[in-house]
Amino acid sequence: MKKLSIILLMSFVMLGCSENSEELKANNNSSIQQTKKEKGKNEKPPIIFERKSEPRENAFSLLVPKGWQIDGGIFRVDPTVQGGPSQSIAAKLDFAIKKDTEGSVMIRWLPDVLFFDMRNSPAGQMGLFPEGINYQGMTVYNLMNAENFISRIAFPYAHPQAQNVQIIERKNLQTFASQYATWVKQAMPYTTMSYDAAYLKIQYSEAGKVYDEYLLTLIENWGQLGAGMWGNKETFLVRAPQGELEKWESIFSVIQNSVKLNINWLMAEIKGQAARGEIAANTQKEIERIGREITEHKQKTNAEINNDMFLTLTEQEEYVNPYNNEVETGTNQWKHRWVNESGDVIYTDEESYDPNIDINLNSSDFKRSNIRKRFPN
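Numbering of the sequence shown is given in the numbering used here, commencing with residue 353 and proceeding in unit increments.
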């Protein structure tokens, strides 16, 4: 666990009148200024996260640092424009949380996209469907591993104007891919899907500025049942100016781990996907079961991504929400956590800080969210 030292100035020296008083005052002022400098250097100020909803369909909510911007959201693909129905069954997401308009510090989720590998089909072997052509709404591409997908597809999509692109680090996430496959197998025992996952750390310039970025993806190969279908899932990036990624990792971790699906939206989406895909999901009980499994699966996936992506922050903490007594996972990078009834969260290192008397907040319903007690405490 990272620990930040907090320097508290506990007393002031009251000086009387003497021939040495000005010298003493100067020395004391110098000491105070030095203490302030050290405190400013070592103590992180309170950080306020507001719970915001996905703006287009209210599909989910998540914590957003106060003052940051939301960009994008859920979108739907028109099959008549796409040239086929394959991309139109499920909702897609292109969604970013940005510190500023240009996204100098940003976390962004990229859409899941289906592709088709024609190499094992008679038409493909005859050369009728070369890479890049459209087939039922899917672009024809030979199956790629996660690293190749990031460099060939995901990164150019996210940053079409990037220059001087260099891959600084690469890591295959086999444990994550295996765990994901296990979760899918539990939900769909007869599936033939297999998975590959990785992230790349990339350095590049964009609009005259140099950035460092982590970009992660999971490749889902549909196997025999898919007859060539494959796609990307859980694809997202975090970026910051060169040399500053570690500075923002705790913020990214809080955002990424705070996603809560809107169960009403999810139920409607499952029904819609079943209808659009002509899949039998006839009972409300079955739809609710699928919804619970998706929600649990998403929570496990986010936790695993946190462990793999934010390597210096693998230690999370469990807190009790005082409003509903639910256990919530948060970061351990600050000493104190506060929440309000709306789900906003404040982290601070200051023992004496009380958001209810913070004139910048105009709020009086924040309560301390304490660490969950462990047995036998």
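We put the beta carbon where it would ideally sit given N, CA and C, even for glycine. Predicted, not measured: the structure shown is a model, and the values here were computed from it.
- Annotation for Met496: no alpha helix (DSSP H) segment contains it, and DSSP assigns it neither H nor E.
- Its chain contains no residue whose beta carbon lies nearer than 7 Å to that of Pro541 once the 5 sequence neighbours on both sides are disregarded.
- Runs of alpha helix (DSSP H) with 4 or more residues, each lying fully within the stretch 539-592, are found at 575-578, listed in chain order.
- Here Ser721 really is in contact with Val691; their C-beta atoms are around 5 Å apart, less than 8 Å.
- Annotation: the continuous alpha helix (DSSP H) that includes Ile607 extends over 597-608.
- Inclusion of Thr653 and Glu572 in the CB contact set at 9 Å is not warranted, their separation being larger than that value.
- Around the C-beta of Ile709, fewer than 16 other C-beta atoms lie within 10 Å, and the residue is accordingly described as exposed.
- A Cβ-Cβ distance of about 5 Å is found for the pair Gln576 and Thr544, placing them in contact under the 8 Å criterion.
- Of all alpha-carbon atoms in Gln439, Glu454, Gly435, the one lying nearest the alpha-carbon of Ile422 is that of Glu454.
- DSSP places Ala533 in the helix class (H, G or I) of the three-state scheme.
- About 4 Å separates the beta carbons of Leu568 and Tyr551, which is inside the 8 Å limit, making them a contact pair.
- A direct Cα-to-Cα measurement between Val590 and Tyr566 gives close to 5 Å.
- Taking 9 Å as the cut-off, the Cβ atoms of Pro431 and Ile607 do not count as close.
- Residue environment: Asn677 is assigned as exposed (fewer than 16 neighbouring CB atoms within 10 Å of its CB, all protein chains considered).
- By the neighbour-count criterion, in which 16 or more other beta carbons inside 10 Å mark a residue as buried, Gly695 falls on the buried side.
- For Leu415, the secondary structure class from DSSP, reduced to helix, strand or coil, is strand.
- For Asn410 and Ala514, the gap between their C-alpha atoms comes out near 32 Å.
- The residues Glu670, Tyr671, Val672, Val679, in chain order, have a CB closer than 7 Å to that of Arg724 in the same chain once the five nearest residues on each side in sequence are set aside.
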